[in-house]
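Heads up, the thing below is written out as structure tokens.
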Amino acid sequence: MKRKAHELPSEDVSYGTKNEKKVKKQKNEKEEKRVRRFRPHPPQSFQEIYDRALSQRFYVLNRVRGGTQDCPEEDVEMTGSTGNIYTVHVGKQPRCTCPHNEKGHQCKHILYVMKQVLNAPFELVYQLALLSTELCFIFAAAPPISTPEQSETDKRKPIEGDCPICYCEFDEKNKESVVWCVAACGQNIHEECFRMWAQTKRGAGSVTCPMCRSVWKGDEKLVAKVQKDKGDVGDEGYVNVADQLGISRERGMLKLPETVDSRLISD
1 MKRKAHELPS
11 EDVSYGTKNE
21 KKVKKQKNEK
31 EEKRVRRFRP
41 HPPQSFQEIY
51 DRALSQRFYV
61 LNRVRGGTQD
71 CPEEDVEMTG
81 STGNIYTVHV
91 GKQPRCTCPH
101 NEKGHQCKHI
111 LYVMKQVLNA
121 PFELVYQLAL
131 LSTELCFIFA
141 AAPPISTPEQ
151 SETDKRKPIE
161 GDCPICYCEF
171 DEKNKESVVW
181 CVAACGQNIH
191 EECFRMWAQT
201 KRGAGSVTCP
211 MCRSVWKGDE
221 KLVAKVQKDK
231 GDVGDEGYVN
241 VADQLGISRE
251 RGMLKLPETV
261 DSRLISD
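With the UniProt record's numbering, the residue at position 144 of the sequence shown is 144, and numbering never jumps.
As structure tokens, then:
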């Protein structure tokens, strides 16, 4: 299931562009300095990479919150569109372990995490650097990493909202494609997403629920199958699970206008 690419919103009222203008104008010596120049609006080339971030299918394998109370951070382990496993770090200067970002370019993985995983205000999504106050705002409103349930363990949650791994909506008409945590929290997960999650837990013991970390007690045949599969290290040195996901390892290249920087479109 893929999300449709979206046009750039003119304003994000949840945060307010006035706040950014105010921050930009302040000249107090004690003011926190942004490590990269503030972008008053997204650059011309941003739309292409933003569309890819919202339309391609990615899988979130793990989220780890770190930093401090005054300056929170988070590491998000995820698969890229070709099956490579990357880690996105959201901090004062968001970064990703993908080849594109390591060359100094803003990548689709960071945009995906900022928009789809953390639900960050749009005017912060396209920034190359963030202030500690902005990080506090983002994580205060971000979906929780795990939500253990206090209710009866045998009660399944309604099949609604987003899958906690791919952050795409569930299809209520296709319930057979959704599995759920019978052991504890009752969380629904796309079967394809859970299969991929279990495949990445190579040598880590029992397969657990991505949300509450209880030992998975769902479809034993599914668990047994994915436990046998292992990712392999590709030519670039990344663990790759493309074969397990049924996707190509070849990078697709978009045909862009001459005004668009082609460096923004590699995986």
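Every residue, glycine too, gets a C-beta built ideally from N, C-alpha and C. What you are looking at is a predicted structure, and each value in this text was computed from that prediction instead of being measured.
The alpha carbon of C212 has as its nearest neighbour, out of E236, P144 and V239, the alpha carbon of P144. Proximity to A142 across P72, D51 and Q127 peaks at P72, based on C-alpha coordinates. In the three-state DSSP reduction, N174 falls in the coil class, being neither helix nor strand. For H105, the three-state secondary structure derived from DSSP is coil. Per DSSP, the continuous beta strand (DSSP E) segment holding V88 begins and ends at I85 to V90. Below 8 Å, too few C-beta pairs join the segment 157-167 and the segment 82-102 to call them touching: fewer than three. Rounded to whole angstroms, the separation of the alpha carbons of L128 and P99 is 17 Å.
Per the coordinates, the alpha-carbon of R52 lies some 10 Å from the alpha-carbon of C107. Here DSSP, grouped into helix, strand and coil, assigns M114 to helix.
Ranking V178, Q44 and V113 by CA distance to the CA of L61 puts V113 first.
In the three-state DSSP reduction, V182 falls in the coil class, being neither helix nor strand.
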